[in-house]
Each structure stands twice: as C-alpha cells, then as structure tokens.
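In what follows, a structure is listed as structure tokens, so that the remarks can point back to it.
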Amino acid sequence: MGPLNEAAGPATVGSNNRPFTPSLLLGLALRPVPLALIQPALDALVAAVRRRHPDLLERVSAYADSGICIDPTDLPFVLLLTLDPARPRLTARRALEPGEASATIRGSLDALIALTDGKVDGDALFFTRKLIIEGDTEIVVALRNAIDGADIDLTEDLAATCGPLAGPVRSLIRVAAGVIGRLGQDMEAVRATVIAPALARAEMQSARIAAVERDVARLRRTGSGR
Amino acid sequence: MNQQRPELVCPAGTPAALKTAIEAGADAVYVGFRDETNARNFPGLNFSRPELKDAIGLAHRNGAKVLVAINTFPRAGATDIWHRAVDDAVTLGADALILADIGLLAYAAERHPEARLHLSVQAAASNPASIRFYAERFGVRRVVLPRVLTVAEIKALNAEIAPIETEVFVFGGLCVMAEGRCALSSYATGQSPNSNGVCSPAAAVRYVETETGTASMLGEITVNHFRHDEPAGYPTLCKGRFVAQDQASYLFEEPTSLNTLGLLPDLIDAGITAFKIEGRQRGRAYVAAVVSAFRQGVDAVLAGGTPPVASLDAIVEGGRETAGAYRKAWR
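In order, the protein sequence lines correspond to chains X and L. Using the working numbering, the first residue of the first sequence is number 6, and each one after it goes up by one. Using the working numbering, the first residue of the second sequence is number 70, and each one after it goes up by one.
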C-alpha cells in the first residue's frame, strides 16, 4: 500500500504516545462516524482476504475460539478479530468487554497496514517499540506468521471486493496512499521542527522543576532537623 | 586470494518468505516442517508437506536449492516423527537435510544413502576430528559451524577438513556458546529448544506494559524491562537483564545481532562454501532486506569491489549489530 513501507523507520525507538500521523487526522474525522457505517467495508475486506488467502486461516486453525484486539492507536476505535475458520470476523468497536480478546496488538494504523502487507517485519516493529503486544503471545505470533505467510496485498484485496470497479478503486487507493505519504512527510516535518523542540523544552522545564522540588524538600528536611 | 563463489543460504518460515528469498537472490533456502522436528517450531510457522512440495518445485524452477532442517534431537518413544520427516523430505526432493542427532544421521544415511546430509549448527562440531567423524561415519558433506570461531580459525579448519564443506552464519540472532546444548529456556518453561524446537515458546511469554516501559516475562521470570526509549530484544534468558548486587545488567549476552557485511572479503577468502542468514521466524520484509544486502555484498566482493554499506540496525534485535566471534579478541 504505497508509501507505508517505511513504517519501521530508522533504528529509533517509538513511544506509547499517540503517533502524529495522517491517520490521526483520519481518526479525528472518523470520531463522529457511527461504526455501523464502517462495518460493511470490514466485512467485505474479510471476505476478500478469506477468498484470496485460504491458507491464512488454516495456519491459525488452533486458535479458532480466540478473539484478538487490534488497536490502531491513531483511530477512535478498535477492531476485534475472531479466527473461526467457518466465520472469521473483524468488528469495529469503541471498546471491548473484559475477556473478549485473548490478546491485544497495538500500533499506528500505518504500522499495522505495513505489517499486514508484509512491508515491515513484526519483530523489527517490536524491537523499535512501534508495536505493543499484550495478553496471549502465542496467538499473536501465530497470527503474525499466518498473515506474513499469506502474501497479503491489501490494495489488491480491497480492489477485489469491488468487481468491475476494481481498476478505478486500485488507482484511487494508490493515489490516496501517495497523498497520505506526502502528508505524513509534512506532518513529520512539523513534528520535528515545532512539536519535538517544544516537547524537549517542556521536558527540560519539568526536569528543572523536579530538581528544584528535590532541593526544597532537602532544605525542608535539613531545616526541620535543626 | 580464494574467490570461490559462496552459496547464499537464506531462511524461510513460510512459502511466501521462500518466494521472497529467491527473488532477493538466495542460492538456497532452508525450511522446516510444521512440527517439533526443527529448531524454529513456532506457532503459525513452517511448511506442511504439500507446501514443501510446491516450494521445492518453485525453487528448482528458479535454480535455487531447498535444504530441510530436521535439527532437533528426537525424544525417546517418539522417534517416528523425526524418521517420517527425513523420509518425507527425501521423497519430496529436498536438496539436502540439515541434521544434528547422531541417531537420526544414522537413520538417514542407512535409509537414504543418496541424500545429501548437512550437519546442523545444533551438533556444535567445531574441530577436525569431530567433523571427520560425522563425514566418515554418516557421509556428511557439509558442516554448519557453531558461532565460536574466528575467521582465521575457520580458514585453517577448511584447509584441514577439505573436501568437507563448511557453512557459517553471516547474519542474524546469536545464541550463546555451546549450541545445541542450551537448557536455559527449559528451566523456565519445561520445553526444550533442542527437543521441542522452541527457545522461549510463545505460550510462556507475556509482555506487560508498565508506566516506564515494557516488561518481558518468561513463565514467572521477568527477563527484561525495556524503557519506552530503548530498543527491545527477544524474551530469551540468555539475553535477560537481571539484577545482581543491586545493579541491572546483561549477565550472559546483550541483545545484539550478528552482521558480517564488512567481513565478507575475509569470509570469502577463508574458503567457506556457504553463507547462512538466520531468521526463519522473521517476516518477508526481513528476508527481502537481508538477503538483498548480502546478495549485493557477495557479488560486489567477487567482482573485486567492497560490500556496500547497509545499516540493518532497524530490523535487528536490540537495534545493534556485532561481528560476533569472527573478530573476537578473547579466548
């Protein structure tokens, strides 16, 4: 899917902060959208992936009863993936009930799409802290291996759901991916030149305040000891 | 200067990764069956019999070989799983079997005298007497050397054991010392890397998010705690960061990865037959990046140039690379 193959980025490490990406803007735009409107697209995508990559579900057949929470950190909802070979589902939800998912995979939408497309390596995302895993690690590893082994191309899979419109949809996705890529570069420039220095200043001020607080506390202790 | 063209042996955990490896320039791809007969027995990974059949067909059509790793140690009472793996790999047309166990080597040599046998790194054969034993007794043609020798030692060894071939790791995760004999993971999980093919099995691993970072747990043991701004590593005990005398440090080995791109001229000069890239558990993106880098590197050296500088820090454990024992100064 276009420019997303740089999601792993250089050997810098991420953080748990909400990523400053085009998907964050998309997330803000999607906030008032009812999830029921998103669900048909997810259903069509699952049907296409299932039809085009039947070996995927076979590789995770041991985990048919499990739910996995996929949490794109820049979107205002999570996705619940269930792996029942007869009826796999990807459901958009505002939040999950305790126990609904055995594991959670958390990362920016860019990173999650690049991982699905095989453009980045899951371990590399984990090493650089751009992917967070919680809960049952075995299911996550199995799913990661199954997806990587299925040779998924989300652009092609999405286009395949559109019948005679496949060609125009494919072009539209590529154009959108290009625009998103350029927007991402612009936002990264803003982050690097405006936000990052501001955050660094704020962190320095916090450190100074903490040092002053320690000094005050020490002086108080010294004072009360006299 | 020796300029024999080394074979680039690349990892594949799935048919898609095998295709990626071949497209990226692999001369050979090594794979395993989807069970405990190989040392990367991870969930959702590896090849079914029909997948291996198709993979061998694809590889051969593209002039590449497929080596099948059956390199764990058979358990008493369950040896038929390993015997079946050997039989099936031969029947499906594997170009070589990578074996570690003496009993399994004997079985393969007896039942399939025509099969090409390679000695796995798991067997940890690192001196001429040991290597000759495997060659004379079982007809082993190639030995994958444990990652404990310097380049000079490998060159001297090659001169002594010729025509037995050697294969060395050029990239990827590192194990500590006596390979094939590590029981650290077994203590914490009850499952053995050498018999079950799982070091730190995923079912025993948990990641716990804390306010300051991520804790990795293996069974009940906290293996490490990575700050948010620190690169992470695998949850293996050998690369755990433990508190001793009130100080947290890597007691055995730090999470770094082997990268010998800069050593390729020396390794080619040492007369090594094959260069191996670790990582059957890694994704297609890793396979594409690493195999391409080494294809370019080997070709550049053979053409009289120097290997291109390629930082692979972003995809390796701990975000750091080392030349490992190849350049070791210690004994």
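Just so it is clear, CB atoms sit at the ideal spot from N, CA and C, and this is done for glycine as well. Bear in mind that the values here come from a model prediction, so they are computed numbers and not experimental data.
Inset, instruction - Pull up the distance between the alpha-carbon of arginine 226 of chain X and that of arginine 219 of chain X, whole angstroms please. - result: By 1-based counting over the first sequence, the position of residue 226 of chain X is 221. By 1-based counting over the first sequence, the position of residue 219 of chain X is 214. If you take the alpha carbons of arginine 226 of chain X and arginine 219 of chain X, they lie about 10 Å apart.
Legend entry - Member of X/Arg206, X/Thr142, X/Ala106, X/Val65 whose CA lies at the smallest distance from the CA of leucine 84 of chain X: Position 79 of the first sequence holds residue 84 of chain X. Looking at the Cα atoms, X/Ala106 is the closest of the given residues.
Inset, instruction - Note down, in chain order, each residue of its chain lying with its Cβ closer than 8 Å to the Cβ of arginine 210 of chain L, except the 5 sequence neighbours on either side. - result: For the purposes of this step, residue 210 of chain L is taken as residue 141 along the second sequence, with counting starting at 1. Result list for arginine 210 of chain L: Ala165, Arg185, Leu186, His187, Ala204, Ile233, Glu234, in chain order.
Legend entry - Span separating the alpha-carbon of arginine 250 of chain L from that of alanine 257 of chain L: In the second sequence, the residue the question calls residue 250 of chain L occupies position 181. In the second sequence, the residue the question calls residue 257 of chain L occupies position 188. Approximately 16 Å between the Cα atoms of the pair.
Inset, instruction - With 7 Å as the threshold, decide whether the Cβ of alanine 147 of chain X is near any Cβ in chain L. - result: Here residue 147 of chain X refers to the residue found at position 142 of the first sequence. Yes - at least one Cβ of chain L is within 7 Å of the one on alanine 147 of chain X.
Legend entry - Under 7 Å by beta carbon: chain L residues contacting valine 125 of chain X: As a working note, residue 125 of chain X is residue 120 in the first sequence. Result: Ala354.
Legend entry - Beta-carbon proximity list for arginine 74 of chain L, same chain, < 7 Å, skipping 5 on both sides: As a position in the second sequence, residue 74 of chain L is number 5, starting the count at 1. Cβ neighbours of arginine 74 of chain L beyond the five flanking positions: Leu371.
Inset, instruction - Use the C-beta contact count for alanine 16 of chain X: other C-beta atoms within 10 angstroms, 16 or more gives buried, fewer gives exposed. - result: One-based indexing of the first sequence puts residue 16 of chain X at position 11. In this prediction, alanine 16 of chain X has a pLDDT of 41, which is less than 50 and means its spatial position is unreliable; what the coordinates show is noted afterwards. Label assigned to alanine 16 of chain X: buried.
Inset, instruction - Put serine 264 of chain L into one of helix, strand or coil per three-state DSSP. - result: Counted from its first residue, the second sequence places residue 264 of chain L at position 195. Reduced to three states, the DSSP call for serine 264 of chain L is coil.
Inset, instruction - Could you pull out every residue in the same chain whose Cβ sits closer than 7 Å to the Cβ of glutamine 350 of chain L, ignoring the five residues on either side in sequence? - result: To locate residue 350 of chain L, count along the second sequence from 1; it is residue 281. These residues qualify, in order along the chain: Gly82, Arg109, Phe111, Leu114.
Inset, instruction - Less than 8 Å between the CB atoms is what I'm expecting for glycine 387 of chain L and glycine 302 of chain L, so what's the real figure, rounded? - result: Here residue 387 of chain L refers to the residue found at position 318 when the second sequence is read from its first residue. Here residue 302 of chain L refers to the residue found at position 233 when the second sequence is read from its first residue. Indeed they touch by this definition, with Cβ atoms about 5 Å apart.
Inset, instruction - Taking the CB atoms as reference points, tell me whether arginine 175 of chain X and alanine 164 of chain X lie closer together than 7 Å. - result: Residue mapping note: residue 175 of chain X aligns to position 170 of the first sequence, counting from 1. Residue mapping note: residue 164 of chain X aligns to position 159 of the first sequence, counting from 1. Yes, they are a contact pair.
Legend entry - CB contact below 7 Å: alanine 197 of chain X versus chain L: By 1-based counting over the first sequence, the position of residue 197 of chain X is 192. Answer no: the Cβ-Cβ gap between alanine 197 of chain X and chain L never drops below 7 Å.
Legend entry - Beta-ladder partner(s) of threonine 291 of chain L, from DSSP: One-based indexing of the second sequence puts residue 291 of chain L at position 222. Beta-bridge pairing links threonine 291 of chain L to L/Met286.
Inset, instruction - Going by CA-CA distance only, name the one from L/Thr342, L/Pro324, L/Asp157 that's closest to leucine 214 of chain L. - result: Position 145 of the second sequence, counting from 1, holds the residue named residue 214 of chain L. Per the C-alpha coordinates, the member of L/Thr342, L/Pro324, L/Asp157 positioned closest to leucine 214 of chain L is L/Thr342.
Inset, instruction - Give the interface partners of phenylalanine 25 of chain X over in chain L, defined as CB-CB distance under 8 Å, in chain order. - result: Residue numbering aside, residue 25 of chain X sits at position 20 when the first sequence is read from its first letter. Within 8 Å Cβ-Cβ: nothing; phenylalanine 25 of chain X doesn't reach chain L, min ~16 Å.
Inset, instruction - Name, going along the chain, the residues of the stretch 75-94 of chain L whose beta-carbon falls closer than 9 Å to a beta-carbon of chain X. - result: If you check each beta-carbon in the stretch 75-94 of chain L against every beta-carbon of chain X, the ones closer than 9 Å belong to Gly82, Thr83, Pro84, Ala85, Ala86, Lys88, Thr89.
Inset, instruction - Name the residue from X/Ile157, X/Arg56, X/Arg149, X/Val195 whose alpha carbon lies nearest to the alpha carbon of alanine 129 of chain X. - result: In the first sequence, the residue the question calls residue 129 of chain X occupies position 124. The residue with the shortest Cα to Cα distance from alanine 129 of chain X is X/Arg149.
Legend entry - Environment of serine 261 of chain L [buried if 16+ CB atoms lie within 10 Å]: The residue you call residue 261 of chain L lines up with position 192 of the second sequence. Classified as buried, serine 261 of chain L has 16 or more neighbouring CB atoms from the shown chains inside 10 Å of its CB.
Inset, instruction - Report back the beta-carbon spacing between aspartate 96 of chain L and leucine 77 of chain L to the nearest angstrom; my notes put them in contact at under 8 Å. - result: Along the second sequence, read from residue 1 onward, the residue named residue 96 of chain L stands at position 27. Along the second sequence, read from residue 1 onward, the residue named residue 77 of chain L stands at position 8. Correct: roughly 5 Å between the Cβ atoms.
Legend entry - valine 277 of chain L, buried or exposed, once every other Cβ within 10 Å from all chains shown has been counted against 16: The residue you call residue 277 of chain L lines up with position 208 of the second sequence. It counts as exposed.
Legend entry - Contacting positions in the stretch 63-87 of chain X - beta carbon closer than 9 Å to chain L: From the stretch 63-87 of chain X, only Glu63, Arg64, Val65, Ala67, Tyr68 have a Cβ closer than 9 Å to chain L.
Legend entry - Residue nearest to glutamate 229 of chain L in terms of C-alpha spacing, selected from L/Ala379, L/Pro80, L/Gly340: As a working note, residue 229 of chain L is residue 160 in the second sequence. Taking only the C-alpha atoms, the option nearest glutamate 229 of chain L is L/Gly340.
Inset, instruction - Please state whether DSSP places serine 66 of chain X in a helix, a strand or coil. - result: The residue labelled residue 66 of chain X in the question sits at position 61 within the first sequence. Residue state, collapsed to three classes: helix.
Inset, instruction - Could you please tell me which residues of the stretch 267-278 of chain L, in chain order, have their CB closer than 9 Å to any CB of chain X? - result: Listed in sequence order: Pro270, Ala271, Ala272, Ala273, Val274, Arg275, Tyr276, Val277, Glu278.
Legend entry - Beta carbon of leucine 88 of chain X nearer than 7 Å to that of tyrosine 68 of chain X: As a first step, residue 88 of chain X is located in the first sequence; it is residue number 83 there, counting from the start. As a first step, residue 68 of chain X is located in the first sequence; it is residue number 63 there, counting from the start. Taking 7 Å as the Cβ cut-off, leucine 88 of chain X and tyrosine 68 of chain X qualify as a contacting pair.
Inset, instruction - To the nearest angstrom, report how far apart alanine 357 of chain L and alanine 93 of chain L are at their CA atoms. - result: Position 288 of the second sequence, counted from the start, is the residue given in the question as residue 357 of chain L. Position 24 of the second sequence, counted from the start, is the residue given in the question as residue 93 of chain L. Cα to Cα, alanine 357 of chain L sits roughly 6 Å from alanine 93 of chain L.
Inset, instruction - Spatial neighbours of arginine 98 of chain X within its chain, please: CB distance less than 8 Å, with the 5 preceding and 5 following residues excluded, ordered by chain position. - result: Counting from one through the first sequence, the residue named residue 98 of chain X turns up at place 93. Hits under 8 Å: Leu40, Phe82, Val83, Leu84, Leu85.
Inset, instruction - Give the interface partners of phenylalanine 111 of chain L over in chain X, defined as CB-CB distance under 7 Å, in chain order. - result: The residue given as residue 111 of chain L occupies position 42 in the second sequence. Within 7 Å of the CB of phenylalanine 111 of chain L, the CB atoms of chain X belong to Val146, Asn150, in sequence order along the chain.
Inset, instruction - Kindly list the residues whose CB is nearer than 7 Å to the CB of glycine 7 of chain X, restricted to its own chain and excluding five residues on each side of it in sequence; keep chain order. - result: Stepping through the first sequence from its first residue, residue 7 of chain X is reached at position 2. In this prediction, glycine 7 of chain X has a pLDDT of 38, which is less than 50 and means its spatial position is unreliable; nothing more can be read from the coordinates.
Legend entry - Where leucine 42 of chain X falls, given that 16 or more other Cβ within 10 Å makes a residue buried: Here residue 42 of chain X corresponds to residue number 37 of the first sequence, with the count starting at 1. Residue environment: leucine 42 of chain X is assigned as exposed (fewer than 16 neighbouring CB atoms within 10 Å of its CB, all protein chains considered).
Inset, instruction - To the nearest angstrom, report how far apart proline 84 of chain L and valine 199 of chain X are at their CA atoms. - result: Sequence index remark: in the second sequence, residue 84 of chain L carries index 15 (1-based). Sequence index remark: in the first sequence, residue 199 of chain X carries index 194 (1-based). Looking at the two C-alpha atoms, the distance is approximately 45 Å.
Legend entry - Residue range of the unbroken beta strand (DSSP E) whose run includes proline 77 of chain X: Within the first sequence, residue 77 of chain X is the residue found at index 72, counting from 1. Element bounds for proline 77 of chain X: 72-77.
Inset, instruction - With DSSP as the reference, label proline 45 of chain X as helix, strand or coil. - result: As a working mapping, residue 45 of chain X is identified with position 40 in the first sequence. Under the three-state reduction of DSSP output, proline 45 of chain X falls in the helix class.
Inset, instruction - Please list, in chain order, all residues of the same chain as proline 242 of chain X whose beta carbon is under 7 Å from its beta carbon, the five residues on each side excluded. - result: Coverage of chain X is limited to positions 6 through 231, which leaves residue 242 of chain X absent and any answer about it impossible.
Inset, instruction - Kindly indicate which three-state DSSP category histidine 187 of chain L falls into: helix, strand or coil? - result: Within the second sequence, residue 187 of chain L is the residue found at index 118, counting from 1. Taken through DSSP and simplified to helix, strand or coil, histidine 187 of chain L comes out as strand.
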